[in-house]
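What follows is one structure encoded as structure tokens, with my remarks underneath.
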Amino acid sequence: MPAMLKSLIRHRTFLSLVTLVVLWGGFTAFQQVIAPSRLDPALRQAMTKEETIGRIAVDLSFTPEDFHINYLQQYGVVAGVSGKTIFLVQVPRNEVRQLSELYWIKSIRLADQ
Amino acid sequence: MPYKISVRGLVHQYYNRHTKETVLALKDISFDVNAGEFVTIVGPSGCGKSTLLSLIAGLRKPSAGEILVDGVAVSGPGVDRGMVFQEFAILPWRTVQQNIGHGLEIQKVSKEKRDSVIARYVEMVGLQGFENKYPYELSGGMKQRVAVARTLAANPKVVLMDEPLAALDAQTRVTLREEILRISLEAACTILFVTHSVDEAVFLGDRVVILSRHPGEVKEIVTIPSSREERRYPSIHENQRFEEIKHHVFQSIRQEVEMADETTMRVE
Amino acid sequence: MAATLEAASAKPKAIKLTPDGSSLWERLFFAVGPYLFLILLWEGLRRLLHADASTMPSLWSAVEAIGRVAANGILPDYIFHSLERITVAGSISVVIGVSVGITIGLNATAAALFLPVIRYFNSLAGIAWLPLFLIWFGFNDKTIILSISYNLFFPVVFNTIIGIRTVPKVFRQGVLTLGGSWRDVVFGVMLPGALPNVISGIRLGVAYGWRALIASEMLLGLGGIGYMIFKAQANDLTDRILAGMLLIGILWSLMDYLILQPLEEATIRRWGLVRR
Ligand SMILES: Nc1ncnc2c1ncn2[C@@H]1O[C@H](COP(=O)(O)OP(=O)(O)OP(=O)(O)O)[C@@H](O)[C@H]1O
Ligand SMILES: [Mg+2]
Numbered sequence: 011m012p013a014m015l016k017s018l019i020r021h022r023t024f025l026s027l028v029t030l031v032v033l034w035g036g037f038t039a040f041q042q043v044i045a046p047s048r049l050d051p052a053l054r055q056a057m058t059k060e061e062t063i064g065r066i067a068v069d070l071s072f073t074p075e076d077f078h079i080n081y082l083q084q085y086g087v088v089a090g091v092s093g094k095t096i097f098l099v100q101v102p103r104n105e106v107r108q109l110s111e112l113y114w115i116k117s118i119r120l121a122d123q
Numbered sequence: 250m251p252y253k254i255s256v257r258g259l260v261h262q263y264y265n266r267h268t269k270e271t272v273l274a275l276k277d278i279s280f281d282v283n284a285g286e287f288v289t290i291v292g293p294s295g296c297g298k299s300t301l302l303s304l305i306a307g308l309r310k311p312s313a314g315e316i317l318v319d320g321v322a323v324s325g326p327g328v329d330r331g332m333v334f335q336e337f338a339i340l341p342w343r344t345v346q347q348n349i350g351h352g353l354e355i356q357k358v359s360k361e362k363r364d365s366v367i368a369r370y371v372e373m374v375g376l377q378g379f380e381n382k383y384p385y386e387l388s389g390g391m392k393q394r395v396a397v398a399r400t401l402a403a404n405p406k407v408v409l410m411d412e413p414l415a416a417l418d419a420q421t422r423v424t425l426r427e428e429i430l431r432i433s434l435e436a437a438c439t440i441l442f443v444t445h446s447v448d449e450a451v452f453l454g455d456r457v458v459i460l461s462r463h464p465g466e467v468k469e470i471v472t473i474p475s476s477r478e479e480r481r482y483p484s485i486h487e488n489q490r491f492e493e494i495k496h497h498v499f500q501s502i503r504q505e506v507e508m509a510d511e512t513t514m515r516v517e
Numbered sequence: 024m025a026a027t028l029e030a031a032s033a034k035p036k037a038i039k040l041t042p043d044g045s046s047l048w049e050r051l052f053f054a055v056g057p058y059l060f061l062i063l064l065w066e067g068l069r070r071l072l073h074a075d076a077s078t079m080p081s082l083w084s085a086v087e088a089i090g091r092v093a094a095n096g097i098l099p100d101y102i103f104h105s106l107e108r109i110t111v112a113g114s115i116s117v118v119i120g121v122s123v124g125i126t127i128g129l130n131a132t133a134a135a136l137f138l139p140v141i142r143y144f145n146s147l148a149g150i151a152w153l154p155l156f157l158i159w160f161g162f163n164d165k166t167i168i169l170s171i172s173y174n175l176f177f178p179v180v181f182n183t184i185i186g187i188r189t190v191p192k193v194f195r196q197g198v199l200t201l202g203g204s205w206r207d208v209v210f211g212v213m214l215p216g217a218l219p220n221v222i223s224g225i226r227l228g229v230a231y232g233w234r235a236l237i238a239s240e241m242l243l244g245l246g247g248i249g250y251m252i253f254k255a256q257a258n259d260l261t262d263r264i265l266a267g268m269l270l271i272g273i274l275w276s277l278m279d280y281l282i283l284q285p286l287e288e289a290t291i292r293r294w295g296l297v298r299r
């Protein structure tokens, strides 16, 4: 049995899966750590006071495609796209926090009503 | 006393569903075997020896006639009749010890008991060190020894063996013959043993059944006068009586083979 | 005498037919050689035809496109969807396909009843069902999974049947003479005996299913690698099409190398190379 276990642990399938899980886990953990830095101070302030944020601007480092607009639709109503920025209205604050953990989002700020 | 095995007027015909042809393999076979007896069966290739064993094992239904084991007609295979196949039939996905222990596993024998029986048979057939090998890692003769051990380990009352020593080297063959003789005395089982070797048939058997050429019939049954306990290699070769019987059996089979050759020649 | 001996010992080297990977360079050559050839062919054709990037993008730009979709979040999401779909569909079809295959393989009545029907449906390509699936389930993940399962099912069934039917009769007889019941025969002989064929069937089935996945993703617009290349065509992102095609092959190779091949190897190693 131990011999079998040993060969299982050394097997390429096991090693690749472990590598994948470790890399992905590390990556998401890192994103969680740096998430607050994606939120601008005014938004952070607002999130301490209000349950739902009226209007936010999500800045990307690239021009958004349908994928990104549809993706953000899950978090709030997309109110418009301008350049590399997507505007969302009526976003609950914990969803703003979730958004800030997405690695492809550059920054999120409070937008004018 | 009732016979252990009674074969009465056994006929077997193979039927090929596709060509609609029939082959008569056995034509009216009758003989009896006493409990604890060792009967060897010899005959020309294709005369129906394997067919006869598979009928007794209950793997086929005879076309006519009947087989009684302890007075009861055979209706199918059972634990009481173990068989060593000409083609070994050990399972390729089981290791040597898993194959040898298979019968005990089926009988739900406890693991400790099973392991001790396995160890005994592994030693008996000389496969120490190969317990955890798979059949593809074994030579033909080793596979055959696994097959013999597998059948004996299940401890059947009747053992049917179809040329179990055919693929072995001369030395191992002689050792295993003595071993089988010893087991037959120890285990008190009844053995039907098919072989191509006249020396083997006469050395092992209490009686030798000689089958005629295809389709098989009982040509002659030769009784070996000495008891099995007394037989040993190589001293047996010095026994004048033994050599005479061997010569007789040999001539009897040769006659059949020659006649068989003539008939096939005529057909061609 | 010495000369003939020498000739005899030299012979095996001369008739070596398959690379046995004796040296690292040799292994490297056989691993990357064919791909290197294809890369050179593509790049050569581009130059020969003076193709511009919107019709025949360079392979490097495809690699760059992979980097872009990875950076903008599309790639992980789509890969996840595609892999999730093939996994769900694969599990469903393997369970159903193996059960049906075993039943048909063991039972002549079941074979007579179902085999003609299964052969009939096998002739209908899975994609031919897509319109009907769309009517039944709508633009939904169910539609994609069903169409993958459909394609995956048939190789699994047929190979399982072959596996069951080619188990040597003498294996069954052997277990019967050890006192085995039909249960011992089915579970101890027929199923393990059929396993190598079942695994080959699964490997083939997943390959078919993967193709069905790409095709139905292209038509349904619910994300996934297939959708990525379809959408890229509408947006004139030729480099992304090429990137998607590279990824389809790479993902398949990885699945095959990491999951399906090890399964097959494990059974073949254990069953021995020769199956009587
Ligand atoms: N499954 C089968 N279908 C049709 N004919 C068969 C089948 N098995 C055996 N036979 C025929 O029956 C006859 C007896 O075969 P069997 O295998 O019993 O011979 P055998 O005495 O064991 O031969 P050998 O010494 O070569 O093993 C042969 O003529 C053979 O062709
Ligand atoms: Mg035979």
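Protein chains in written order, with our numbering: chain A, 11 to 123; chain B, 250 to 517; chain C, 24 to 299. C-beta: ideal position from N, C-alpha, C; glycine also.
If you compare the alpha carbons of Leu441(B), Ile459(B) and Leu401(B) with that of Ile254(B), the shortest gap goes to Leu441(B). In chain A, no part has a C-beta under 7 Å from the C-beta of Ala135(C); the shortest such distance is about 40 Å. Taken in chain order, the members of the segment 88-103 of chain C whose beta-carbon sits within less than 8 Å of a beta-carbon on chain A are Arg91, Ala94, Asn95, Gly96, Ile97 and Asp100. The nearest non-hydrogen atom of ligand 2 is less than 7 Å from the C-beta of Gln335(B). For the segment 186-201 of chain C, the beta-carbon criterion of a distance under 9 Å to any beta-carbon of chain A is satisfied by none of its residues. Annotated three-state conformation of Pro99(C) is helix, per DSSP. Val397(B) and Val366(B) do not touch by the CB rule: their CB atoms are close to 14 Å apart, not below 8 Å.
Ranked by Cα distance from Ala509(B), the first of Arg481(B), Val498(B) and Gly465(B) is Gly465(B).
The criterion of a C-beta distance shorter than 8 Å is not satisfied by Ser170(C) and Ala230(C). When Phe334(B), Gly307(B) and Glu479(B) are compared, the shortest CA-CA separation from Ala322(B) is found for Gly307(B). Of all residues in the segment 11-27 of chain A, only His21, Arg22, Thr23, Ser26 and Leu27 come within less than 8 Å of chain C when Cβ atoms are compared, listed by chain position. For Pro102(A), the three-state secondary structure derived from DSSP is strand. Between the segment 196-204 of chain C and the segment 135-145 of chain C there are fewer than three inter-stretch CB-CB distances shorter than 8 Å, so the stretches are not counted as touching. A check of alpha carbon separations from Lys406(B) across Thr439(B), Asp448(B) and Val333(B) identifies Thr439(B) as the nearest. About 19 Å separates the CB atoms of Val371(B) and Met410(B); that is not less than 8 Å, and the two are not in contact. Considering only Ser279(B), His486(B) and Met332(B), the residue with the shortest C-alpha distance to Thr400(B) is Met332(B). For Lys298(B), the shortest C-beta to heavy atom distance toward ligand 1 is below 7 Å.
Restricting attention to Ile470(B), Ala274(B), Glu427(B) and Ile432(B), the CA atom closest to the CA of Tyr482(B) is found in Glu427(B). When distances are taken from the beta-carbon of Val291(B) to the heavy atoms of ligand 1, even the shortest one reaches 7 Å or more.
Under the 8 Å criterion on CB atoms, Val212(C) is classed as interfacial with respect to chain B.
Taking non-hydrogen atoms of ligand 2 into account, the C-beta of Asp207(C) is found less than 7 Å away from none of them. If you keep only unbroken alpha helix (DSSP H) runs of at least 4 residues inside the segment 315-349 of chain B, you get 345-349. Scanning Gly224(C), Gly228(C) and Phe194(C) for the CA closest to the CA of Phe334(B) turns up Phe194(C). With a contact defined as Cβ atoms closer than 8 Å, Leu304(B) and His261(B) qualify at about 6 Å. In the DSSP assignment, Ser365(B) falls within the alpha helix (DSSP H) that extends over Lys360 to Met373. For Leu281(C), at least one C-beta of chain A is nearer than 8 Å to its own C-beta. The closest heavy atom of ligand 1 lies less than 7 Å from the beta carbon of Ser294(B). Taking the beta carbon of Pro285(C) as reference, the chain A residues within 9 Å of it are His21, Arg22 and Thr23, listed in sequence order.
Here Arg456(B) is bridged, per DSSP, to Val288(B) and Thr472(B). Of all C-beta pairs linking the segment 111-124 of chain C to the segment 170-187 of chain C, three or more are shorter than 8 Å, placing the two stretches in contact.
Note on Arg70(C): under 16 other CB atoms within 10 angstroms of its CB, so exposed under the neighbour-count rule. At a beta-carbon threshold of 7 Å, the residues of chain B lying near Gly203(C) are Ile355, ordered along the chain.
Between the C-alpha atoms of Phe176(C) and Asp100(C) there is a straight-line separation of about 27 Å.
Residue state for Ile66(A) is assigned as strand, using DSSP reduced to three classes. One thing to note: His21(A) has its Cβ within 8 Å of the Cβ of Pro285(C). Secondary-structure assignment with DSSP links Ser501(B) through no beta bridge to anything.
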